[in-house]
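If you read the protein sequences in the order shown, they are chains A and B.
When we follow the working numbering, the leftmost residue of the first sequence carries the number 116, and every step to the right adds one.
When we follow the working numbering, the leftmost residue of the second sequence carries the number 4, and every step to the right adds one.
Idealized CB from N, CA, C, for every residue including glycine.
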Amino acid sequence: MIWLPLVRTQRCEIVEGEQKLTTAGSTVTAGHFGPYGGRFVPEALTAALDELDSAFRSAIMDPSFMTRLAALERSYTGRPSPLTRAERFAEHCGGARIYLKREDLNHTGSHKINNAIGQALLTQRMGKSRMIAETGAGQHGVATATAAALLGLECTVFMGEEDTLRQALNVVRMQLLGAEVISVTAGSRTLKDAINEAMRDWVASVDRTHYVLGTVTGPAPFPEIVRYFQAVVGREAREQIKLAEGRLPDAVVACVGGGSNAIGLFSGFMDDADVQLRGYEAGGDGVETGRHAARFAAGSPGVLHGARTYVMQDEWGQTIASHSISAGLDYPGVGPEHSWLHDTGRAKYEPINDDEAMAALALLSRTEGIIPAIETAHALAGAMRVGRELGPTAVIIVNLSGRGDKDVATAARWFGIGAPAGIEMAEGR
Amino acid sequence: MSRRLAEIFSRAKSNNRAALIGYLPAGYPTAAASVELMNTMVDAGVDAIEVGLPYSDPLMDGADIQFAVAAALAGGTTTDVVLDVVSRLDGERAALLVMSYWNPIERYGVARFAARLAAAGGSGVITPDLTPEEAGPWSAATLAHEVDTIFLVAPSSTDERIKAVVAKASGFVYAASTMGVTGARRQVGAGAEPLVTRARRLTDLPIAVGLGVSTGAQAREVAGYADGVIVGSAFVRCIRAAPDLSAAIAAVRGLAGELAEGVRR
Ligand SMILES: Cc1ncc(COP(=O)(O)O)c(C=O)c1O
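Shown next as structure tokens:
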């Protein structure tokens, strides 16, 4: 396999004739991040992954592709997304200087559109007419359905049955956008099972179908491709914070499901050893209860969905079902680059329990007038910890990965929000 | 490299037929019943048994096998149970193989798995999601314990890819008949024969075709160009459809007999 390191935020080094890509914490060779990553897939998919790999590498060298991508980012997604100072929220973060990278203001309401548009353009470039995707929170499904509508491609989205119920708003959005949504009833009926089903579809339809993986997991080259299209977040944030503060931040903070919004932000600061990288995974009911999605706190290295990475697994290597109030973080695996950043100590990961996340969701809503997604709320709860730890002189950027409209039903149940005072809600209204 | 698979294929060849390889997941419907069912397959003329190691995320499998492995896991089928099932099969008359997704083997420890499998009488392992690029430690462990490593090639594999796969393979090469997951199909994929023809030019190993073969007539068709015929989902379907174990045994015996007849040239 040829490795052409072209990710803009990374340095390229040629070592003894072998091309290697190095970042401050990680060495990437042919789809590996240290011992993590790689390709563990049925042979039937190898040709498609190779085709994708070469399409990606030629696309990012092709000025017309890059111009089209940049134009869509600007005029369709609405980039650059703002960096918002959150002064009232910061009072709850030890007084640190908190900035929110506003991916919630992107078209479709989250960072997922960055990757979906990039991969939709790759789909066209490969001459394929259909895209499939897995989705947990529904944001990646909506983003892929959106890109499909924009470019005139067919789209099928696989979603665990439990997630279709708790993210019902996004199911309707996908359908309005013309996508077919398939509710997956196997296994734990969440993101893990949606990925299994998407892979099964892909093996049988690969001639005309591209699988738009929604996060930095899966077999090579997916983690690298998704990172590439999300790196715009970190690039922008770096420029914006230099303007706002005249210096780099002390820490950058993100929630970690598969890890795409986190890698997007982290990649802008990977080589800045003084910038702490902090990732927050879902602690669910608490790591000690076993009902969580804390891969780093309670998992171990294994192979899941095509890559070696940290996995929640039992002593026999069977995947353990994850639990989280957040559909987008409810996944027993994690992107392989995060595993490497974890082992090398370049990034630090901690779990945030459901209750802590929901408290942060309410707090940001009331202090800043921004209702975040429940996934994002985990990052906000993390920022509160980091702020208290680093103190009032610290500058912290939080990836506000998505908006919370999709989560209002869950939030209403959680907080016991009923009908407004003075209004009786009739049945069925 | 074990001699066992080589013997099985040359025995079949000298009888002027293709080798018949039958799959069932260990632990389905129970561990004891799976032993009985697999030994029934051997009685009825199956040359090699592919013992499935149930895995939580069988992303290469269709509905029948997904159902069976979920039931096996719910019934407590661990890797140790699978190895115990292997040790109770008729290894005199049939070659005993394990088919497993990669993570359970890695978790068990590659050297430990190879050693225990060899001790249980197993002679090979089919790993559908292990690519030759990732197979370094596995090759070393299996070599030490004389266990064959069986890898897949697919209609989409380039010749270059097939070369890389067969370089790591021993025992036989598993040619996937179609682009898709496991499951009985009305027709064997049209891509199977050209794939076998291409692979033949690149390896001396026997080539067996699997995915979608379910009837004697399909087995006969495949035996016309391949060294082995692999059948899995069709056996699982027999068992799913049977009201009780004795009916399942009868159905499996019937299907295995039909397939064994089919592979004669
Ligand atoms: C708003 C939002 N943030 C974060 C995530 C988690 O994904 P990732 O870790 O890939 O950023 C999701 C996934 O659905 C999401 O919708």
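For residue i, which residues in chain A fall below 8 Å Cβ to Cβ?
{"i": "B/W105", "result": "F155 and V418"}
{"i": "B/M102", "result": "What B/M102 touches in chain A: nothing, since even the nearest Cβ is about 12 Å away."}
{"i": "B/Y111", "result": "W431 and G432"}
Using a Cβ-Cβ cutoff of less than 6 Å, which residues in the same chain neighbour residue i once the five nearest sequence positions on both sides are dropped?
{"i": "B/I233", "result": "I24, A211 and G213"}
{"i": "B/S103", "result": "L56"}
{"i": "A/I532", "result": "none"}
{"i": "A/T192", "result": "N221, H222 and I228"}
{"i": "A/A163", "result": "V321"}
{"i": "A/G149", "result": "W455"}
{"i": "A/R353", "result": "G383"}
Compute the beta-carbon to beta-carbon distance between residue i and residue j, rounded to the nearest angstrom, for a pair I have assumed lies under 8 Å.
{"i": "A/R342", "j": "A/E218", "result": "With a Cβ gap of about 15 Å, A/R342 and A/E218 do not count as contacting."}
{"i": "A/M246", "j": "A/A263", "result": "5 Å"}
{"i": "A/Q355", "j": "A/G379", "result": "Not confirmed; about 14 Å, so no contact."}
{"i": "A/L505", "j": "A/A211", "result": "6 Å"}
{"i": "A/G333", "j": "A/L306", "result": "That pair is no contact at about 12 Å."}
{"i": "B/I129", "j": "B/L100", "result": "6 Å"}
{"i": "A/V513", "j": "A/V368", "result": "5 Å"}
{"i": "B/M182", "j": "A/V318", "result": "6 Å"}
{"i": "A/A436", "j": "A/A252", "result": "So it is not a contact: roughly 17 Å between Cβ atoms."}
{"i": "B/V3", "j": "B/A263", "result": "Because chain B spans 4 through 268 in this model, residue 3 of chain B falls outside it and cannot be assessed."}
{"i": "A/R410", "j": "A/G383", "result": "Actually they do not touch by this definition, with Cβ atoms about 24 Å apart."}
{"i": "B/S173", "j": "B/D151", "result": "4 Å"}
Listing by chain order, which chain A residues have their CB less than 7 Å from the CB of residue i?
{"i": "B/P131", "result": "P157"}
Could you name the residues of chain B that residue i contacts, counting a contact when the two beta carbons are closer than 7 Å?
{"i": "A/R528", "result": "Under the 7 Å cutoff, chain B gives no residues; its nearest Cβ is about 30 Å from A/R528."}
{"i": "A/M314", "result": "L62"}
{"i": "A/N311", "result": "D60 and L62"}
What does residue i reach in chain B if we use C-beta pairs closer than 9 Å?
{"i": "A/M73", "result": "The question about residue 73 of chain A has no answer, for chain A in this structure spans 116 to 544."}
{"i": "A/T341", "result": "First, the amino acid is wrong: residue 341 of chain A is Val here, not Thr. By Cβ distance, chain B contributes nothing, its closest Cβ being about 19 Å from A/V341, past 9 Å."}
{"i": "A/A319", "result": "T181, M182, G183 and V184"}
Residue i touches chain B at which residues, Cβ-Cβ below 8 Å?
{"i": "A/M246", "result": "Here the premise fails: no neighbours, minimum Cβ distance about 18 Å."}
{"i": "A/V368", "result": "Chain B residues near A/V368: none, gap ~31 Å exceeds 8 Å."}
Who are the Cβ neighbours of residue i in its own chain at under 8 Å, not counting the five residues just before and after it?
{"i": "A/D520", "result": "G224, L284 and I486"}
{"i": "A/A205", "result": "A211, R212, I213 and G502"}
{"i": "B/R268", "result": "N19, R20, A21, A226 and G227"}
{"i": "A/E551", "result": "Residue 551 of chain A lies beyond the stretch modelled for chain A, which goes from 116 to 544, so this question has no answer here."}
{"i": "B/P246", "result": "none"}
{"i": "A/S375", "result": "H226, K227, N230, G329, T330, V331, V341, R342, Q345 and G450"}
{"i": "A/R323", "result": "K243, S244 and R245"}
{"i": "A/P416", "result": "P150, Y151, R423, T424, Y425, V426 and S454"}
Suppose the cutoff is 7 Å on Cβ atoms and the five residues either side in sequence are ignored; what does the same chain contact list for residue i look like?
{"i": "A/I310", "result": "E249 and H420"}
{"i": "A/T300", "result": "E276"}
{"i": "B/E224", "result": "V191"}
{"i": "B/L155", "result": "P131, Y177 and A179"}
{"i": "A/P507", "result": "G209, G210 and A211"}
{"i": "B/G78", "result": "G30 and T33"}
{"i": "A/S480", "result": "I486"}
Starting from the beta carbon of residue i, find every residue of chain A whose beta carbon is closer than 9 Å, and list them in chain order.
{"i": "B/Y31", "result": "Chain A residues near B/Y31: none, gap ~15 Å exceeds 9 Å."}
{"i": "B/S160", "result": "E158, A159, T161 and A162"}
{"i": "B/R164", "result": "E158, T161, A162 and D165"}
At a cut-off of 7 Å, would you count residue i as near ligand 3, judging by its Cβ distance to the nearest heavy atom?
{"i": "A/T330", "result": "Ligand 3 is absent from the structure shown, which contains only ligand 1."}
Beta-carbon of residue i versus every beta-carbon of chain E: anything under 8 Å?
{"i": "A/F171", "result": "Although the question refers to chain E, the structure presented lacks it and instead comprises the protein chains A and B."}
inquiry  = Counting only Cβ-Cβ distances shorter than 7 Å, please list the residues of the stretch 167-198 of chain B near chain A, keeping chain order.
reply    = V168, A179, M182, G183 and V184
request  = Please list the segments of the alpha helix (DSSP H) lying wholly inside the stretch 388-419 of chain A, counting only runs of 4 or more residues, in order along the chain.
outcome  = 410-413
key: Contact residues within the stretch 288-308 of chain A, judged by C-beta distance below 9 Å to chain B   = A301, G302, K307 and D308
query = Unbroken beta strand (DSSP E) runs of length 3 or more, entirely within the stretch 106-154 of chain B: which are they?
reply = 127-129 and 151-153
query = Using Cβ-Cβ distances below 7 Å, what residues of the stretch 427-452 of chain A are close to chain B?
reply = Q428, W431, G432, Q433 and T434
query = Going along the chain, which unbroken runs of the alpha helix (DSSP H) with 4 or more residues stay wholly within the stretch 172-217 of chain B?
reply = 195-205
inquiry  = To be precise: take each residue of the stretch 65-99 of chain B, compare its Cβ to all Cβ atoms of chain A, and keep it if any distance is under 7 Å. Which residues remain?
reply    = Q69, L76, T81 and T82
ask   = Taking any Cβ of chain A, which residues in the stretch 134-158 of chain B have a Cβ under 8 Å from it, in chain order?
value = T134, E136, E137, F154, L155, V156, A157 and P158
ask   = Going along the stretch 31-64 of chain B in order, which residues come within less than 9 Å of chain A, judged by CB to CB distance?
value = P57, Y58, S59, D60, P61, L62, M63 and D64
key: Against chain B: residues of the stretch 386-417 of chain A by CB proximity under 8 Å   = G417
ask   = Going along the chain, which unbroken runs of the alpha helix (DSSP H) with 4 or more residues stay wholly within the stretch 176-217 of chain A?
value = 178-187 and 202-205
Segments of 4+ residues assigned as alpha helix (DSSP H) that fall wholly inside the stretch 426-492 of chain A = 451-459 and 469-483
key: Segments of 3+ residues assigned as beta strand (DSSP E) that fall wholly inside the stretch 267-310 of chain A   = 269-275 and 295-299
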